[in-house]
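Before any comments, here is the structure.
Protein chains in written order, with this note's numbering: chain A, 317 to 473; chain B, 317 to 473.
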């Protein structure tokens, strides 16, 4: 858990989650985002709906849910292959809304990998309620150094 | 043109565009966004790729392009019907990337409207290059007071 968080913020993060240290770009702008490692190559992403995520109705903006889907579903490629990647196609079905203060979670399931093209089935939910389901097509670009939580990661001596 | 902009910012906004005054929530967080009114019920949205829109490769993040698609394509419902609306499904194909500093534009074309369900075909581009195409399914919620640029808008005496 980061030392940068206030006590209230830390209390608001569910057990097992740690903040992703995305310090620049769009990932930082729409954060903070959190990750829970569920085993080698297995992880769930999460965020709490704050005011800067809301739409005109005071619920989580659809753009935020889609951005989160892109990150949470595409994450499986990093976890399994330690490649950088880009999104080729994303199909998202909006099933229910998330309200201010709710903790939203998401992860993807790798359906197929062929010629560097990954097909991922994904889900986003809060508590027992599914918010979004969909499919992402992602393209691997190039291998990079494996990071903690990824299958290829080895602790250095 | 807003007085809040520096001279450099104003110079960077193409002719005919005015900044959308989204002062809260997700719209503000990922902004600034701009709109060019092309006639009653006709408008194009735009934004310039800034550092807070970028991914790890330094290009515009796919989540930003999808969020922008949601806004730029769904906008047609506000323009034509002055209803508030939510997104039901969004399908986005990523054709090309946008680089830091490029001005990105987008708009939707209303294909069908039935029982409060709107089907919109959309495109996002920068200069001559198409970045994203796709289809959005949106649901109208309730009528609201028409705003300037919308077909139902009438200037008050």
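Where a beta carbon is used, it is the ideal one built from N, C-alpha and C, also for glycine.
Legend entry - Residues that residue 356(A) bridges to, as DSSP identifies them: On the first chain, residue 356(A) is found 40 positions in, with the first residue counted as 1. BP columns for residue 356(A) are empty, so no partner.
Legend entry - Pair within 9 Å by beta-carbon distance, residue 400(A) and residue 342(A): For the purposes of this step, residue 400(A) is taken as residue 84 along the first chain, with counting starting at 1. For the purposes of this step, residue 342(A) is taken as residue 26 along the first chain, with counting starting at 1. Contact flag unset, no.
Inset, instruction - Would you list, in chain order, the members of the region 379 to 407 of chain A that have their beta-carbon closer than 8 Å to a beta-carbon of chain B? - result: So the close ones are 379, 380, 382, 383, 384, 386, 387, 400, 402, 403, 404, 405, 406, 407.
Inset, instruction - Taking residue 367(A) as the query, report the chain B residues whose CB atoms sit under 8 Å from its CB, ordered along the chain. - result: Position 51 of the first chain, counted from the start, is the residue given in the question as residue 367(A). Result: 340, 341.
Inset, instruction - Could you check what DSSP says for residue 367(B) in three-state terms: helix, strand or coil? - result: Stepping through the second chain from its first residue, residue 367(B) is reached at position 51. Reduced to three states, the DSSP call for residue 367(B) is helix.
Inset, instruction - Would you tell me roughly how many angstroms separate the C-alpha atoms of residue 427(A) and residue 437(A), rounded to the nearest one? - result: On the first chain, position 111 is the one that residue 427(A) refers to. On the first chain, position 121 is the one that residue 437(A) refers to. Roughly 7 Å separates the two Cα atoms.
Inset, instruction - Determine the direct distance from the alpha carbon of residue 352(B) to that of residue 455(A), and round the result to whole angstroms. - result: For the purposes of this step, residue 455(A) is identified with residue 139 of the first chain, where counting begins at 1. For the purposes of this step, residue 352(B) is identified with residue 36 of the second chain, where counting begins at 1. Going by the C-alpha atoms only, they are around 34 Å apart.
Legend entry - chain A within 9 Å of residue 370(B), Cβ atoms only: As a position in the second chain, residue 370(B) is number 54, starting the count at 1. Yes, its Cβ sits closer than 9 Å to a Cβ of chain A.
Inset, instruction - In the DSSP assignment, find the unbroken alpha helix (DSSP H) run with residue 460(B) in it and report its ends. - result: Numbered from 1 along the second chain, position 144 holds the residue referred to as residue 460(B). No alpha helix (DSSP H) contains residue 460(B), which DSSP labels as neither H nor E.
Legend entry - Neighbour list for residue 415(B) in chain A, Cβ cutoff strictly below 9 Å: As a position in the second chain, residue 415(B) is number 99, starting the count at 1. By Cβ distance, chain A contributes nothing, its closest Cβ being about 13 Å from residue 415(B), past 9 Å.
Inset, instruction - Could you tell me if residue 466(A) is buried or exposed, where buried requires 16 or more neighbouring beta carbons within 10 angstroms of its beta carbon? - result: In the first chain, counting from the first residue as 1, residue 466(A) sits at position 150. With 16 or more Cβ atoms within 10 Å of its Cβ, residue 466(A) is classed as buried.
Legend entry - Span of the beta strand (DSSP E), counted from its first residue to its last, around residue 427(A): The count along the first chain starts at 1 and reaches residue 427(A) at position 111. Per DSSP, residue 427(A) belongs to the beta strand (DSSP E) from 419 to 430.
Legend entry - Inter-residue spacing [alpha-carbon to alpha-carbon] between residue 398(A) and residue 335(B): Within the first chain, the letter at position 82 stands for residue 398(A). Within the second chain, the letter at position 19 stands for residue 335(B). Approximately 40 Å, taken between the alpha carbons.
Inset, instruction - Classify residue 409(A) as helix, strand or coil using the three-state DSSP reduction. - result: Position 93 of the first chain, counting from 1, holds the residue named residue 409(A). It is a strand residue.
Legend entry - Of the listed residues 396(A), 362(A), 453(A), nearest to residue 380(A) (C-alpha basis): Within the first chain, numbered from 1, the residue matching residue 380(A) stands at position 64. Ranking 396(A), 362(A), 453(A) by Cα distance to residue 380(A) puts 362(A) first.
Legend entry - Straight-line gap, residue 429(B) to residue 461(B) (C-alpha atoms, nearest Å): As a working note, residue 429(B) is residue 113 in the second chain. As a working note, residue 461(B) is residue 145 in the second chain. So the alpha carbons of these two residues sit roughly 20 Å apart.
Inset, instruction - Tell me residue 335(B)'s beta-bridge partners as DSSP assigns them. - result: Here residue 335(B) is taken as the residue at index 19 of the second chain, counted from 1. The partner list for residue 335(B) (beta bridge, DSSP) reads 350(B).
Legend entry - Cβ of residue 463(A) within 9 Å of any chain B Cβ: Start at 1 with the first residue of the first chain, and residue 463(A) comes out as number 147. No, residue 463(A) does not count as interfacial toward chain B.
Legend entry - Cβ of residue 333(A) within 9 Å of any chain B Cβ: The sequence position of residue 333(A) within the first chain is 17, counting from 1. So, not an interface residue.
Legend entry - Span of the alpha helix (DSSP H) around residue 393(A): Here residue 393(A) refers to the residue found at position 77 when the first chain is read from its first residue. Taken as a continuous stretch (DSSP letters only), the alpha helix (DSSP H) holding residue 393(A) covers 378 to 397.
Inset, instruction - Determine the extent of the beta strand (DSSP E) in which residue 470(A) is found, giving its start and end residues. - result: Here the question's residue 470(A) lines up with position 154 in the first chain. Per DSSP, residue 470(A) lies in no beta strand (DSSP E) and is assigned neither H nor E.
Inset, instruction - Taking only beta-carbon positions, decide if residue 329(B) is within less than 9 Å of chain A. - result: What you label residue 329(B) is simply residue 13 of the second chain in a count that begins at 1. Judged by the 9 Å Cβ criterion, residue 329(B) is not in contact with chain A.
Inset, instruction - Output yes or no for whether 9 Å exceeds the beta carbon distance between residue 390(A) and residue 424(A). - result: Here the question's residue 390(A) lines up with position 74 in the first chain. Here the question's residue 424(A) lines up with position 108 in the first chain. Cβ atoms of residue 390(A) and residue 424(A): closer than 9 Å.
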